[in-house]
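Novice:
Residue numbers (the UniProt record's numbering): 1 to 719.
Right under this line is the structure:
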């Protein structure tokens with residue numbers, strides 16, 4: 001394929017105006033100085049399965065090496081076009097950036113977490129983009145020392161990300177992974193915390209998980225497949241030896257499984273986690289044995305999920321065995337392979353989902369969700385007595401966090417709501433007495449009393465009741481159908497988008513927006529059945545729910561039907577692609593970030609990261625039933641000649657989860673077929689991956705871009 005240059009101005013007009021070239025990418029300009037939307041070349045590529053042939057004219061856009069001149073040129077053309085189209089919004093983008101940044105405390109620190117002899121935390125100062133990791137002998141940090149300055153490490157890199165930090169049992173060595181390409185493939189390095197020097201050891205091609213052996217002479221890590229990027233091999237690396245000499249401890253041969261690593265709270269065992277969408281298991285490695293092998297805790301069974309935690313000679317097992325919403329069981333270590341000996345600790349409940357738990361020497365703390373609302377319970381394991389933790393908001397999110405040691409006398413909880421900034425509490429395990437350790441500060445004139453949150457239930461077309469979390473500024477909302485509505489959704493993998501606070505979101509609320517999270521099927525907001533009813537052959541429920549929520553919220557006066565904006569990313573980007581194919585007239589503007597839109601082609605290609613692991617989420621299109629169902633909603637395959645909303649599409653060139661070419665192809669096909677004159681801009685971060693830009697302030701620019709795009713659309717309506 002030939003190399004193409006970006007043409008602008010009069011030269012572009014003379015060469016390209018009114019022309020259409022089959023097999024050549026170009027930018028079509030209509031007047032001097034005006035850059036028109038890029039028009040991608042079309043090279044038909046046939047794909048046949050189950051007797052059905054699809055023709056993909058933009059298949060050529062896939063380049064795994066990310067070096068093809070045609071691909072890079074077209075992405076640059078799209079970026080240049082987006083910059084020109086959005087140039088008049090740059091003052092608003094700058095204003096929003098300063099506004100959002102102005103709410104952020106520049107000098108901030110995390111709440112210290114005790115592990116071993118030290119309290120570990122991280123700090124950020126001034127305009128630094130990255131955090132500095134420190135430790136101290138006391139909670140107050142009076143003698144803190146720096147163990148890792150990420151700002152110094154990130155110098156010279158357009159993208160820089162640190163994975164898990166793992167300190168050796170003797171507390172003298174720090175192992176961590178670094179990613180400079182945003183592919184989530186890490187290089188592990190080891191720093192001597194007593195001297196500040198680095199060891200010669202360097203591990204390439206790893207995941208971010210690192211667990212030390214108890215003799216401080218070796219650590220365990222996960223090697224990634226260079227093609228699929230799946231972590232599938234667990235190795236033991238002995239310090240001072242080359243990576244080539246590392247010992248293979250476990251290899252996952254089933255490509256539908258992820259592999260993870262962690263250590264028991266008492267430090268005695270290393271857990272190797274095996275997890276697919278519908279099945280999971282654990283293998284055990286003795287952390288005290290330099291020659292340990294992996295032992296299966298209990299054999300994997302299709303459709304059965306379990307995780308374990310260790311307390312003395314007992315294992316506590318979180319599982320869906322004969323429990324649709326999970327249960328907690330326990331078994332003595334000598335009888336773990338006999339499930340008839342497993343005893344209920346928290347019995348299964350079809351109406352209440354067990355979400356999480358953590359163990360202490362004498363207490364169990366567990367999170368549940370009923371009708372979409374969380375609750376946390378503390379149980380004395382000696383007396384069996386229980387009490388629930390209490391909070392102020394009626395609808396909120398809370399998470400167990402920072403509970404690293406068995407002998408803690410308090411349980412730490414992170415708490416937030418749509419109107420309450422993130423808050424760290426500790427509850428005394430014996431008395432239940434609460435202490436607030438920190439509430440994230442919001443600078444400026446923020447007053448939580450200015451905002452109101454609601455939780456409403458929307459009836460979907462099939463009668464299902466869909467929860468929706470709403471927040472708005474009281475003095476800007478009258479429920480008369482005049483407010484712009486920003487509706488967010490995800491709805492996949494059982495991921496529940498809890499009602500959490502956002503300082504960034506205040507820029508919407510203060511301008512009169514109503515913000516809504518649609519807790520559509522595919523999440524677990526209403527328990528595991530809510531997830532099951534939104535995946536595989538039930539996936540269309542996810543899209544229908546989102547559309548039905550939009551219609552109901554505008555009908556009930558929460559938003560103006562002509563001022564609705566929809567936003568989703570990754571699998572939520574698939575949601576965006578589906579809803580604009582099905583009901584484009586409902587949305588004034590849509591932002592699709594790193595969108596998974598070429599569903600069928602991707603799920604037929606086992607060389608693409610995540611494909612095989614996700615058959616239980618989407619279905620395997622090698623099966624005709626799943627193929628036909630997926631094809632009926634796949635956003636890319638269902639682009640048609642119709643009007644579409646104004647669209648902002650973003651991606652990262654190095655994204656390893658949703659490859660850049662999915663949104664690239666989707667935008668090209670939309671440009672080819674859409675019948676409207678609405679704005680369609682496509683921005684590719686040529687340095688970033690799935691998580692977007694690295695650094696705390698760089699990310700704000702992405703938010704400012706999206707908000708300015710939406711505000712501009714309202715301005716064009718005369719609002």
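We treat Cβ as the ideally placed atom computed from N, Cα and C, and that holds for glycine. On a predicted model such as this, the values are computed, not experimentally measured, just so you know.
Does the region 143 to 154 come close enough to the region 162 to 180 that 3 or more CB-CB pairs lie under 8 Å?
Specialist: Taking 8 Å as the limit for Cβ pairs, the verdict is that the region 143 to 154 does touch the region 162 to 180.
Novice: Should residue 433 go down as buried or exposed, given a rule of 16 or more other Cβ atoms within 10 Å for buried?
Specialist: Exposed, since its Cβ has fewer than 16 Cβ neighbours within 10 Å.
Novice: Would you be able to state if there are at least three C-beta pairs under 8 Å between the region 563 to 572 and the region 529 to 541?
Specialist: They do not touch, by the three-pair rule.
Novice: Would the beta-carbon of residue 413 fall within 8 Å of that of residue 398?
Specialist: Yes, Cβ-Cβ distance for residue 413 and residue 398 is below 8 Å.
Novice: Does the distance from the CB of residue 182 to the CB of residue 593 come in under 8 Å?
Specialist: No, these two residues do not count as a Cβ contact at 8 Å.
Novice: Are there 16 or more other CB atoms within 10 angstroms of the CB of residue 29, so buried, or fewer, so exposed?
Specialist: Any answer about residue 29 is weak, because its pLDDT of 40 lies below 50 and its placement is not dependable; what the coordinates show is given next. The residue is buried, with at least 16 neighbouring Cβ atoms inside 10 Å.
Novice: Go through its chain and collect everything with a Cβ distance to residue 325's Cβ below 7 Å, but skip five positions before and after it.
Specialist: Correct list, in chain order: 348, 349, 350, 352, 353, 354, 527 and 528.
Novice: According to DSSP, is residue 702 helix, strand or coil?
Specialist: Of the three classes helix, strand and coil, the one that applies to residue 702 here is helix, per DSSP.
Novice: Quick check on residue 11: buried or exposed, where buried means 16 or more other Cβ atoms within 10 Å of its Cβ?
Specialist: Low confidence applies to residue 11: its pLDDT is 23, below 50, so where it sits in the model is not reliable, and the reading given next is rough at best. Label assigned to residue 11: exposed.
Novice: Start and end of the beta strand (DSSP E) containing residue 261?
Specialist: Run containing residue 261: 258 to 263, per the beta strand (DSSP E) assignment.
Novice: Here's the rule: buried if 16 or more other CB atoms are within 10 angstroms of the residue's CB, otherwise exposed. What is residue 663?
Specialist: Buried: at least 16 other Cβ atoms inside 10 Å.
Novice: Count the other CB atoms within 10 Å of the CB of residue 105; is the residue buried (16 or more) or exposed (fewer)?
Specialist: With fewer than 16 other Cβ atoms within 10 Å, it is exposed.
Novice: Smallest Cα separation from residue 603: which of 582, 127 and 628?
Specialist: Among 582, 127 and 628, the Cα nearest to that of residue 603 belongs to 628.
Novice: Classify residue 710 as buried or exposed, calling it buried when 16 or more other Cβ atoms lie within 10 Å of its own Cβ.
Specialist: Residue 710 comes out buried.
Novice: In the DSSP assignment, what are the bridge partners of residue 657?
Specialist: Answer is none; residue 657 lacks a bridge partner.
Novice: Count the C-beta pairs between the region 492 to 507 and the region 284 to 297 that are closer than 8 Å, then say yes if the count reaches three, no if not.
Specialist: Touching, no.
Novice: If you measure between the beta carbons of residue 410 and residue 426, is that distance less than 8 Å?
Specialist: Taking 8 Å as the Cβ cut-off, residue 410 and residue 426 qualify as a contacting pair.
Novice: Assign residue 55 to one of two classes, buried (16 or more other C-beta atoms within 10 Å of its C-beta) or exposed (fewer than that).
Specialist: Residue 55 comes out exposed.
Novice: May I have the straight-line CA-CA distance separating residue 437 from residue 139, to the nearest angstrom?
Specialist: Approximately 11 Å between the Cα atoms of the pair.
Novice: Using 10 angstroms around the beta-carbon of residue 305, count the other beta-carbons present and answer buried if the total reaches 16, otherwise exposed.
Specialist: Result: buried.
Novice: Shortest alpha-carbon distance to residue 256 belongs to which of 239, 228 and 81?
Specialist: Comparing Cα-Cα distances from residue 256 to each of 239, 228 and 81, the minimum goes to 228.
Novice: State the Cα-Cα distance for the pair residue 185 and residue 225, rounded to the nearest angstrom.
Specialist: Using only the alpha carbons, I get a separation of about 10 Å.
Novice: Could you say which of 481, 620 and 547 lies nearest to residue 561 if we only look at CA atoms?
Specialist: Taking only the C-alpha atoms, the option nearest residue 561 is 481.
Novice: Is the beta carbon of residue 221 sitting closer than 8 Å to the one on residue 235?
Specialist: Yes, these two residues count as a Cβ contact at 8 Å.
Novice: In whole angstroms, give me the CA-to-CA distance for residue 191 and residue 595.
Specialist: If you take the alpha carbons of residue 191 and residue 595, they lie about 38 Å apart.
Novice: Can you name, in chain order, every residue of its own chain whose Cβ lies under 6 Å from the Cβ of residue 668, other than the five neighbours on each side?
Specialist: Around residue 668: 40 and 58.
Novice: I'd like to know if the region 465 to 472 and the region 126 to 133 are in contact, where contact means that at least 3 CB-CB pairs between them fall below 8 Å.
Specialist: Counting Cβ pairs under 8 Å, fewer than three are found: no touch.
Novice: Since residue 485 and residue 563 are thought to touch, with beta carbons under 8 Å apart, how far apart are those beta carbons, to the nearest angstrom?
Specialist: The pair is a contact, with the Cβ atoms about 6 Å apart (cut-off 8 Å).
Novice: With DSSP as the reference, label residue 673 as helix, strand or coil.
Specialist: Residue 673: helix per DSSP, three-state reduction.
Novice: Residue 290 bridges to which residues according to DSSP?
Specialist: Answer is none; residue 290 lacks a bridge partner.
Novice: Determine whether the beta carbon atoms of residue 267 and residue 287 lie at a separation below 8 Å.
Specialist: Yes; because the gap between Cβ atoms is below 8 Å, this pair is in contact.
Novice: Once the 5 residues before and after residue 319 are set aside, which same chain residues still bring their CB inside 6 Å of it?
Specialist: Result list for residue 319: 306, in chain order.
Novice: Compute the Euclidean distance between the alpha carbons of residue 136 and residue 194, then round it to the nearest angstrom.
Specialist: Roughly 14 Å separates the two Cα atoms.
Novice: Classify residue 155 as helix, strand or coil using the three-state DSSP reduction.
Specialist: In this structure, residue 155 counts as coil in the three-state DSSP scheme.
Novice: Out of curiosity, what's the CA-to-CA distance linking residue 508 and residue 417?
Specialist: Going by the C-alpha atoms only, they are around 17 Å apart.
Novice: Excluding five sequence neighbours on each side, which residues of the same chain lie with their C-beta closer than 8 Å to the C-beta of residue 599?
Specialist: For residue 599, where only same-chain residues beyond five positions count, the Cβ hits under 8 Å are 574, 618, 630, 633, 634, 635, 636 and 637.
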